[in-house]
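A quick write-up on the structure given underneath.
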Amino acid sequence: MKILSLTLILLISGMLSLAQQANFHSFKTKTIDGKPFDLASLKGKKVLVVNTASRCGHTPQYKDLQALYLKYGSDKFVIIGFPANNFLHQEPGTNAEIKQFCTQEYQVTFPMMQKISVKGNDMDPIYKWLTTKALNGKMDAEVSWNFQKFMIDEKGNLVDSASPGTSPTNEKIVKWITSK
Numbered sequence: 104m105k106i107l108s109l110t111l112i113l114l115i116s117g118m119l120s121l122a123q124q125a126n127f128h129s130f131k132t133k134t135i136d137g138k139p140f141d142l143a144s145l146k147g148k149k150v151l152v153v154n155t156a157s158r159c160g161h162t163p164q165y166k167d168l169q170a171l172y173l174k175y176g177s178d179k180f181v182i183i184g185f186p187a188n189n190f191l192h193q194e195p196g197t198n199a200e201i202k203q204f205c206t207q208e209y210q211v212t213f214p215m216m217q218k219i220s221v222k223g224n225d226m227d228p229i230y231k232w233l234t235t236k237a238l239n240g241k242m243d244a245e246v247s248w249n250f251q252k253f254m255i256d257e258k259g260n261l262v263d264s265a266s267p268g269t270s271p272t273n274e275k276i277v278k279w280i281t282s283k
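First residue of the sequence shown: 104, per our numbering; consecutive thereafter.
Below, the structure written as structure tokens:
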């Protein structure tokens, strides 16, 4: 009985350890063009993750996101957009239509990923990690609307989040980007 209990404890400890070792860099996704994208390629960069939508009151934030990317984007910082249709069907388009909209209307050059779900039963694993303290080790952070922002450090750890109404150029975000 002792051996069984000890084995069970070691097994559970190992599983918890593995869950806590997963970070943002552990995931793979696809670009808006359908090409594989390994988030491990972002090691060493701060990453601002944003769930986007083309028909939302916050859609003009694309302009500020692009300005932020042009000002600070380099080998140390990147923005990644994840289109999602979870809130009042405000992102109904296909990946091709979303890409065309972002490029034509806002001249977006930061990486856009494929359309995903950011909440509900079909939530993408990246967003499960971003929103679940037991997985990210930092906080529970339900996605409340389009353009919620998640800040990831150079090591792939969740640092903080900002509400959908927070401008991408808000002092909190800029200070985080420019801090050493």
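Don't be surprised by glycine CBs; every beta carbon is placed ideally from N, CA and C.
*asked:* Please report the distance separating the alpha-carbon of residue 122 from that of residue 208.
replied: Your numbering for residue 122 matches position 19 in the sequence shown. Your numbering for residue 208 matches position 105 in the sequence shown. Reliability fails at residue 122, whose pLDDT of 46 lies under 50, so the model's placement of it is uncertain and no value is given.
*Look at the alpha carbon of residue 249 and the alpha carbon of residue 132, and state the distance between them as a whole number of angstroms.*
Within the sequence shown, the letter at position 146 stands for residue 249. Within the sequence shown, the letter at position 29 stands for residue 132. Going from the Cα of residue 249 to the Cα of residue 132 covers about 19 Å.
*Endpoints, the beta strand (DSSP E) within which residue 255 is located*: For this step, residue 255 is matched to residue 152 along the sequence shown. Here the beta strand (DSSP E) through residue 255 covers 252-255.
*Could you give the C-beta distance for residue 261 and residue 241, rounded to a whole number, given that I count them as a contact under 8 Å?*
Position 158 of the sequence shown, counted from the start, is the residue given in the question as residue 261. Position 138 of the sequence shown, counted from the start, is the residue given in the question as residue 241. The pair is a contact, with the Cβ atoms about 4 Å apart (cut-off 8 Å).
*Considering only C-alpha positions, which residue in the set 239, 266 and 282 is nearest to residue 129?*
For this step, residue 129 is matched to residue 26 along the sequence shown. Residue 239 is the option with its Cα nearest to residue 129.
*Output the distance between the C-alpha atoms of residue 220 and residue 195, rounded to the nearest integer angstrom.*
Within the sequence shown, numbered from 1, the residue matching residue 220 stands at position 117. Within the sequence shown, numbered from 1, the residue matching residue 195 stands at position 92. Cα to Cα, the separation comes out at about 12 Å.
*Measure from the alpha carbon of residue 215 to the alpha carbon of each residue in 255, 272 and 153, then state which is nearest.*
As a working note, residue 215 is residue 112 in the sequence shown. Closest by C-alpha distance to residue 215, out of 255, 272 and 153, is 153.
*In chain order, each beta strand (DSSP E) run of at least 3 residues that lies wholly inside the segment 203-283*: Taken in chain order, the complete beta strand (DSSP E) segments of 3 residues or longer contained in the segment 203-283 are 252-255 and 261-265.
*If you draw a straight line from the C-alpha of residue 138 to the C-alpha of residue 198, how long is it?*
Counting from one through the sequence shown, the residue named residue 138 turns up at place 35. Counting from one through the sequence shown, the residue named residue 198 turns up at place 95. Looking at the two C-alpha atoms, the distance is approximately 12 Å.
_For residue 134, list the residues DSSP reports as bridge partners._
In the sequence shown, the residue the question calls residue 134 occupies position 31. Partner(s): 216.
*Going by DSSP, name the residue or residues bridged to residue 155.*
What you label residue 155 is simply residue 52 of the sequence shown in a count that begins at 1. Note: residue 155 sits in a beta bridge opposite 186.
*Cα-Cα, which of 155, 212 and 163 is closest to residue 177?*
The residue given as residue 177 occupies position 74 in the sequence shown. The residue with the shortest Cα to Cα distance from residue 177 is 212.
*Span of the beta strand (DSSP E) holding residue 167?*
For the purposes of this step, residue 167 is taken as the residue at position 64 of the sequence shown. Where residue 167 is concerned, there is no enclosing beta strand (DSSP E), although the alpha helix (DSSP H) it sits in stretches over 164-175.
_Taking a contact to mean a Cβ-Cβ separation below 9 Å, would you say residue 254 touches residue 150 in this structure?_
Position 151 of the sequence shown, counting from 1, holds the residue named residue 254. Position 47 of the sequence shown, counting from 1, holds the residue named residue 150. Yes, the Cβ-Cβ distance between residue 254 and residue 150 is below 9 Å.
*Which same chain residues, not among the five before or five after residue 141, have their C-beta less than 6 Å away from its C-beta?*
Here residue 141 refers to the residue found at position 38 when the sequence shown is read from its first residue. Closer than 6 Å at Cβ, skipping near neighbours: 131.
*Cβ-Cβ distance between residue 235 and residue 252 below 9 Å*: Counting from one through the sequence shown, the residue named residue 235 turns up at place 132. Counting from one through the sequence shown, the residue named residue 252 turns up at place 149. No.
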